[in-house]
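Inspection log for the structure reproduced underneath, given as C-alpha cells.
2 protein chains.
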Amino acid sequence: MSHAFDRHDHGTCIASALSAAEAACAGRGMQLTPLRRRTLEILLESHVALGAYDVLARLEAEGFGSKPPVAYRALGFLVENGFAHRIEGLSAYVACARPGSPHDPSFLVCRSCRRVAEEEIQAPLAPEAEAEGFAIERTVVEAQGLCPACRGRA
Amino acid sequence: MSHAFDRHDHGTCIASALSAAEAACAGRGMQLTPLRRRTLEILLESHVALGAYDVLARLEAEGFGSKPPVAYRALGFLVENGFAHRIEGLSAYVACARPGSPHDPSFLVCRSCRRVAEEEIQAPLAPEAEAEGFAIERTVVEAQGLCPACRGRA
DNA sequence: CGCCTCTTGTTATACTATAACATCCGCGCT
DNA sequence: AGCGCGGATGTTATAGTATAACAAGAGGCG
C-alpha cells in the first residue's frame, strides 16, 4: 500500500524520488535543471495534489519566471518522464510515489484535503479493449472520496 | 460490449436513451425540459464526446441562450441524473450508453476521433481503499488510445 | 568564431467553468 | 383574480486552466 495517508518517514519519500529522478535523467540524457528539480521538490513536500498555478506561485517566490508556461513546462517534463502524475479529476499534479519503475498509475484522491495515494493495479480495461480492437495507450484510474483523516474530521 | 466502434442501429441508442430519461424524470419529479432534452439529443447524435462550448454553439444556433451557464447547467443536470457522463481526460461530455441502471461507468476514449465506448467493470480500487480506510465516492476509469477505425487510418 | 539545440523567459490568447443576479412561468393558495 | 413560491432560463462578469508564438541566453562542437 501507499503511505500517503499514514504516518511515515517522509524524508525517505523525498530522497528516493529525487535520486530516482537524477538517475533516470542521467541514463536518458535528460537534464534535471534547477527549475525542474525545484518543481519536483515542491510536489514532493507533501502527498497533496497541487494546481499548476500553485506551483507557479511557489516558483515565482523563489526567483523563477512568473508566467504560466514556466510551471506547465516543468510539470510537463516531470509527467512525461514519470516523476510526477497529473490527477485528471482535480486538474492538479502530484509527485510519483513509485519513481523508477514505469507503471500505469492509479490513485485514491481525497476530495477534502487533496491528498493522493498512488496504488498499483492491473490495467482494468484490457479485456474490453481487446474485444473491441481498441489500442490502449494510457489508463486513468482515480477513485475520489474521503481519506481516513478527513472521514474522522467530518 | 459497447457499440460505439461498431456499425449498429444508432436510432435505437437514441430512442432508448430518450425514453429512459423521460421515465426517470417522471419517476423522480424532475423535468426533462426542451433545453435539457435537446442537449441530450445533441450528445446522442453520436458516441463522440463534445465539449461544453460545442454543445453551447449548437444550442445557440437553435434559439437557446448563448452564454456558458446555459450549456453547463443542462449538462450538469444530465450528468447528475445519469443520462450523460463527463470524460475527465477530455473535459468533455458524452451520452450515457446504459441509461436506466445506475452504474460506475468506465470508458475507452479514442484520442483521434473522440469517440467513446462505455464499458462495465468492477470497482478496481475497492480492496486498496478498504486497506487504507479510504471511503470511495466515485471512480473515474478512462482508457485513452486509438479506436479500430483510427488505428486503420494511421 | 558560428551554428545548433535546449532551456527559460516573455506576451498574448484560448479554453473551461462558475458566481451572482434578473426574468419568466406555472402552480397552489386565499 | 391576485399573491407568493420554486424552478428553469437568461444575462453579466469573472475565475481558473492551458498553450501558441516569439525572444534571449548557455553550452557543445565543428
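So the sequences go chain by chain: A and B.
If you count by the working numbering, then the first sequence holds residues 14 to 167, one letter each, in order.
If you count by the working numbering, then the second sequence holds residues 14 to 167, one letter each, in order.
Ideal placement from N, C-alpha and C gives every residue a C-beta, glycine not left out.
Just so we're clear, the structure is a prediction, and the values are computed from it rather than from any experiment.
Worksheet item: Closest by CA to ALA62 (chain B), which one among B:GLU143, B:ALA28, B:PRO140, B:SER104?
Response: Locating residue 62 (chain B) in the second sequence gives position 49, where the first residue counts as 1. The option with the nearest alpha carbon to ALA62 (chain B) is B:SER104.
Item to complete: Give a yes or no on contact between the segment 154-166 of chain A and the segment 149-163 of chain B, applying the rule of three or more CB pairs nearer than 8 Å.
Response: yes
Worksheet entry | CA-to-CA distance, GLU93 (chain A) to HIS98 (chain B), given in whole angstroms | Taking the second sequence and counting its residues from 1, the one referred to as residue 98 (chain B) is at position 85. Taking the first sequence and counting its residues from 1, the one referred to as residue 93 (chain A) is at position 80. Roughly 28 Å separates the two Cα atoms.
Worksheet item: Which value, in whole angstroms, describes the spacing of the CA atoms of ARG127 (chain B) and LEU72 (chain B)?
Response: Against the second sequence, residue 127 (chain B) aligns to sequence position 114. Against the second sequence, residue 72 (chain B) aligns to sequence position 59. Their Cα atoms are separated by approximately 20 Å.
Worksheet item: Mind pulling the chain B residues with CB within less than 9 Å of LEU63 (chain A)?
Response: Within the first sequence, numbered from 1, the residue matching residue 63 (chain A) stands at position 50. The contacting residues do not exist; LEU63 (chain A) stays about 18 Å from chain B at best.
Worksheet item: When the Cβ atoms of the segment 67-87 of chain B are set against those of the segment 118-132 of chain B, are three or more pairs found closer than 8 Å?
Response: no
Worksheet item: Applying the criterion that 16 or more other CB atoms from any shown protein chain within 10 Å of the CB defines a buried residue, is ALA144 (chain B) buried or exposed?
Response: For this step, residue 144 (chain B) is matched to residue 131 along the second sequence. The residue in question, ALA144 (chain B), is exposed, as its Cβ has fewer than 16 Cβ neighbours within 10 Å.
Fill in: Neighbour flag for GLN157 (chain A) against chain B, beta carbons, 8 Å
To locate residue 157 (chain A), count along the first sequence from 1; it is residue 144. Closer than 8 Å to some Cβ of chain B, the Cβ of GLN157 (chain A) qualifies, so yes.
Worksheet item: Quick one: what does DSSP say ARG99 (chain A) is sitting in, helix, strand or coil?
Response: For the purposes of this step, residue 99 (chain A) is identified with residue 86 of the first sequence, where counting begins at 1. In this structure, ARG99 (chain A) counts as strand in the three-state DSSP scheme.
Worksheet item: For the beta strand (DSSP E) that VAL122 (chain A) lies in, which residues bound it at each end?
Response: On the first sequence, position 109 is the one that residue 122 (chain A) refers to. VAL122 (chain A) -> beta strand (DSSP E) spans 119-123.
Worksheet item: Got a sec: is the Cβ-Cβ distance from PRO161 (chain A) to anything in chain B below 8 Å?
Response: Position 148 of the first sequence, counting from 1, holds the residue named residue 161 (chain A). Yes, PRO161 (chain A) lies at the interface with chain B (some Cβ there is under 8 Å from its Cβ).
Worksheet item: Given 8 Å as the limit, is there contact between the segment 134-141 of chain A and the segment 81-90 of chain B, that is, 3 or more CB pairs closer than that?
Response: no
Item to complete: Report yes if the CB atom of ARG111 (chain A) is closer than 8 Å to the CB atom of GLU141 (chain A), and no otherwise.
Response: Stepping through the first sequence from its first residue, residue 111 (chain A) is reached at position 98. Stepping through the first sequence from its first residue, residue 141 (chain A) is reached at position 128. No, Cβ-Cβ distance for ARG111 (chain A) and GLU141 (chain A) is not below 8 Å.
Item to complete: Report the residues of the segment 128-160 of chain B with a CB closer than 7 Å to any CB of chain A, ordered along the chain.
Response: ALA130, GLU132, ILE134, PRO137, LEU138, GLU141, ALA142, ALA144, GLU145, GLY146, PHE147, ALA148, ILE149, GLU150, ARG151, THR152, VAL153, VAL154, GLU155, ALA156, GLN157, GLY158, LEU159, CYS160
Fill in: Any C-beta of chain B under 8 Å from that of GLY102 (chain A)
As a working mapping, residue 102 (chain A) is identified with position 89 in the first sequence. With 8 Å as the cut-off, GLY102 (chain A) counts as an interface residue toward chain B.
Discussion item. Among A:ALA37, A:ASP67, A:GLN44, A:ILE27, whose alpha-carbon lies nearest the alpha-carbon of LEU57 (chain A)?
Written reply: Start at 1 with the first residue of the first sequence, and residue 57 (chain A) comes out as number 44. LEU57 (chain A) has its Cα closest to that of A:ILE27, out of A:ALA37, A:ASP67, A:GLN44, A:ILE27.
Discussion item. Bridge partners for GLN157 (chain A) per DSSP, in chain order?
Written reply: If you number the first sequence from 1, residue 157 (chain A) lands on position 144. GLN157 (chain A) is bridged to A:VAL122, B:ARG151.
Item to complete: Identify the contact partners of ARG164 (chain A) in chain B, using a Cβ-Cβ distance below 9 Å as the criterion.
Response: For the purposes of this step, residue 164 (chain A) is taken as residue 151 along the first sequence, with counting starting at 1. Ordered by position in chain B, the residues that pass the 9 Å Cβ test against ARG164 (chain A) are GLY146, PHE147, ALA148.
Practice prompt. With 9 Å as the C-beta to C-beta threshold (strictly closer), list the residues of the segment 16-43 of chain A near chain B in chain order.
Written response: ALA17, PHE18, ASP19
Discussion item. Relative to the C-alpha of ILE100 (chain A), which candidate in A:ALA39, A:PHE120, A:GLU54 has its C-alpha closest?
Written reply: On the first sequence, position 87 is the one that residue 100 (chain A) refers to. It is A:PHE120 whose Cα lies nearest to the Cα of ILE100 (chain A).
Fill in: Which residues DSSP lists as bridging VAL61 (chain A), in chain order
Position 48 of the first sequence holds residue 61 (chain A). DSSP, once it has assigned bridges, lists A:ARG128 as partnering VAL61 (chain A).
Practice prompt. Output the boundary residues of the alpha helix (DSSP H) element that contains ALA36 (chain A).
Written response: Here the question's residue 36 (chain A) lines up with position 23 in the first sequence. Element bounds for ALA36 (chain A): 23-41.
Discussion item. Does the beta-carbon of PRO140 (chain B), which I'm using as the reference point, lie nearer than 7 Å to any heavy atom of the ligand NAD?
Written reply: Inclusion of the ligand NAD in the displayed structure is not the case, the ligand content being empty and no account of it being possible.
Worksheet item: Mapping DSSP to helix, strand and coil, what is ALA84 (chain A)?
Response: The residue labelled residue 84 (chain A) in the question sits at position 71 within the first sequence. ALA84 (chain A) falls in the helix class under three-state DSSP.
Worksheet item: Smallest Cα separation from GLY95 (chain B): which of B:ILE149, B:LEU53, B:ALA162, B:GLY165?
Response: Position 82 of the second sequence, counted from the start, is the residue given in the question as residue 95 (chain B). Out of B:ILE149, B:LEU53, B:ALA162, B:GLY165, B:LEU53 has the C-alpha closest to the C-alpha of GLY95 (chain B).
Discussion item. The beta strand (DSSP E) that contains ALA105 (chain B), what's its start and end?
Written reply: One-based indexing of the second sequence puts residue 105 (chain B) at position 92. Residues 105-108.
Worksheet item: PHE77 (chain B) by DSSP, collapsed to three states: which one?
Response: Translated into the one-based positions of the second sequence, residue 77 (chain B) becomes position 64. Coil, per DSSP.
Worksheet item: Just how far apart, CA to CA, sit ASP117 (chain A) and VAL107 (chain A)?
Response: Locating residue 117 (chain A) in the first sequence gives position 104, counting from the first residue. Locating residue 107 (chain A) in the first sequence gives position 94, counting from the first residue. ASP117 (chain A) and VAL107 (chain A): Cα-Cα distance of roughly 14 Å.
Worksheet item: Using the C-alpha atoms, what's the distance from ASP22 (chain B) back to CYS160 (chain B)?
Response: To locate residue 160 (chain B), count along the second sequence from 1; it is residue 147. To locate residue 22 (chain B), count along the second sequence from 1; it is residue 9. C-alpha separation (whole angstroms): 19 Å.
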